[in-house]
Amino acid sequence: MDVHLAGRTARSLELLHSLAYFAPEVERELVGSGLEPGRMTYFAGRSAPMGAVSAGVVAAVFYNFNPSLISDVLPRAWTLADPAEILKARYRGVDAAYRSLLGEKVIASQQMSEAAQLAAIAAQAIPGVDGRPLYAGYAALDWPDQPHLVLWHALTLLREYRGDGHVAALQTAGFSGLEALITHTAAGIGFRKSFAQSRRGWSSEDWASAAADLVDRELLTPDGELTADGRELREVVEDLTDELGSAPWTELGEDGAARLAELATPWCRSVRDSGLFPESLFGPRYGESR
Numbered sequence: 592m593d594v595h596l597a598g599r600t601a602r603s604l605e606l607l608h609s610l611a612y613f614a615p616e617v618e619r620e621l622v623g624s625g626l627e628p629g630r631m632t633y634f635a636g637r638s639a640p641m642g643a644v645s646a647g648v649v650a651a652v653f654y655n656f657n658p659s660l661i662s663d664v665l666p667r668a669w670t671l672a673d674p675a676e677i678l679k680a681r682y683r684g685v686d687a688a689y690r691s692l693l694g695e696k697v698i699a700s701q702q703m704s705e706a707a708q709l710a711a712i713a714a715q716a717i718p719g720v721d722g723r724p725l726y727a728g729y730a731a732l733d734w735p736d737q738p739h740l741v742l743w744h745a746l747t748l749l750r751e752y753r754g755d756g757h758v759a760a761l762q763t764a765g766f767s768g769l770e771a772l773i774t775h776t777a778a779g780i781g782f783r784k785s786f787a788q789s790r791r792g793w794s795s796e797d798w799a800s801a802a803a804d805l806v807d808r809e810l811l812t813p814d815g816e817l818t819a820d821g822r823e824l825r826e827v828v829e830d831l832t833d834e835l836g837s838a839p840w841t842e843l844g845e846d847g848a849a850r851l852a853e854l855a856t857p858w859c860r861s862v863r864d865s866g867l868f869p870e871s872l873f874g875p876r877y878g879e880s881r
């Protein structure tokens with residue numbers, strides 16, 4: 592299977608994973624487990640499969656967050672709720688969010704069962720945990736039973752496997768976490784600058800300093816646009832990310848991947864149309880790789 596087709600398939604399914612970071616049902620369950628609302632639920636909820644790890648570990652794995660933003664809530668979160676209980680709460684929240692966003696008819700449908708089976712085939716074909724710390728945490732979890740949770744779990748395994756590879760690609764290109772965020776934003780394929788900066792916890796001074804370094808490297812123009820060299824280097828990153836994440840999709844095959852994307856398309860549309868992800872937060876080409 593062509594690695595770029597595999598990458599496009601992975602990106603087309605992203606909303607069905609990432610809804611967990613925005614859905615109020617997930618936030619409510621995580622707060623119910625003992626966590627404080629807001630950033631604590633994000634950092635503790637997403638990193639819980641790795642156990643009660645330090646803020647430094649999470650900063651390294653998540654890559655483009657200001658480490659001080661993470662140390663504000665970790666490791667304190669682990670004194671408020673055990674990682675195992677956080678995980679249970681998160682899956683309860685995902686269950687509720689899927690039911691709310693997609694409806695009980697979709698949840699109980701044969702199409703959902705088929706999509707779950709296809710996604711599981713891909714996820715179970717991931718070749719190993721080498722150099723994939725966040726994926727490794729999720730890979731050690733038990734699989735859920737209900738098809739819609741199997742789908743979310745499989746897509747999460749695939750997403751975090753790909754994400755760990757993306758970090759490796761960014762480091763290969765010589766991008767720090769903040770530089771990666773700035774160039775991603777400049778390409779118009781990620782968050783808008785204001786949201787990216789505040790969401791990831793960077794000050795205006797931090798952002799300006801890193802941007803100036805990118806200008807010195809002739810990767811960014813003084814007005815914040817990618818140069819030709821900057822665009823080329825981002826292409827290298829995305830090509831390598833596609834390559835490093837392609838193995839499970841190759842196992843599923845083009846027909847299986849196409850069928851999974853076909854099944855998921857109306858569900859992704861439902862999530863998008865729900866307003867859960869406000870369009871004002873995202874760049875003009877959000878969801879594209881280049």
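Heads up, the sequence shown is in our numbering, so the first residue is 592 and it goes up one at a time.
The beta-carbon is built from N, C-alpha and C at its ideal position, and this holds for glycine as well.
Asked                                                                                                                                                                              : Found
Rounded to the nearest angstrom, how far is the Cβ of residue 646 from that of residue 624, given a contact under 8 Å?                                                             : Between residue 624 and residue 646 the Cβ distance is about 19 Å, and since that is not below 8 Å, they are no contact.
Could you check what DSSP says for residue 748 in three-state terms: helix, strand or coil?                                                                                        : helix
Around the Cβ of residue 857, are there at least 16 other Cβ atoms within 10 angstroms (buried) or fewer (exposed)?                                                                : exposed
For the segment 792-855, which segments carrying the alpha helix (DSSP H) assignment without a break, of at least 4 residues, lie completely within its bounds, in sequence order? : 795-807 and 819-835
Quick one: is residue 701 buried, meaning 16 or more other Cβ sit within 10 Å of its Cβ, or exposed?                                                                               : exposed
According to DSSP, residue 873 sits in a beta bridge with which residue or residues?                                                                                               : 782
What three-state label does DSSP hand residue 676 in the structure shown?                                                                                                          : helix
Starting from residue 638, follow the alpha helix (DSSP H) in both directions and report where the run begins and ends.                                                            : 630-638
Take every Cβ of the segment 833-847, pair it with every Cβ of the segment 740-757, and state whether three or more of those distances are shorter than 8 Å.                       : yes
Whole-angstrom Cβ separation of residue 610 and residue 731, contact assumed at under 8 Å?                                                                                         : Their Cβ separation, rounded to whole angstroms, is 23 Å, which puts residue 610 and residue 731 out of contact at 8 Å.
For residue 869, does the count of other Cβ atoms within 10 angstroms reach 16, so buried, or fall short, so exposed?                                                              : exposed
What do you get for residue 670, buried or exposed, if any count of 16 or more other CB atoms within 10 angstroms of its CB means buried?                                          : exposed
Once the 5 residues before and after residue 885 are set aside, which same chain residues still bring their CB inside 6 Å of it?                                                   : This structure cannot speak to residue 885, because the chain is shown only from 592 to 881.
Between the C-alpha atoms of residue 853 and residue 847, what's the straight-line distance to the nearest angstrom?                                                               : 10 Å
Would you decide whether residue 770 is buried or exposed? Buried here means 16 or more other CB atoms lie within 10 Å of its CB.                                                  : buried
Using alpha carbons as the reference points, say which of 821, 786 and 790 lies closest to residue 802.                                                                            : 821
Using the rule of at least 16 other Cβ atoms within 10 Å of the residue's Cβ for burial, across every protein chain shown, is residue 763 buried or exposed?                       : exposed
In terms of residues, what are the limits of the alpha helix (DSSP H) holding residue 719?                                                                                         : Segment: none, residue 719 is in no alpha helix (DSSP H) and carries neither H nor E.
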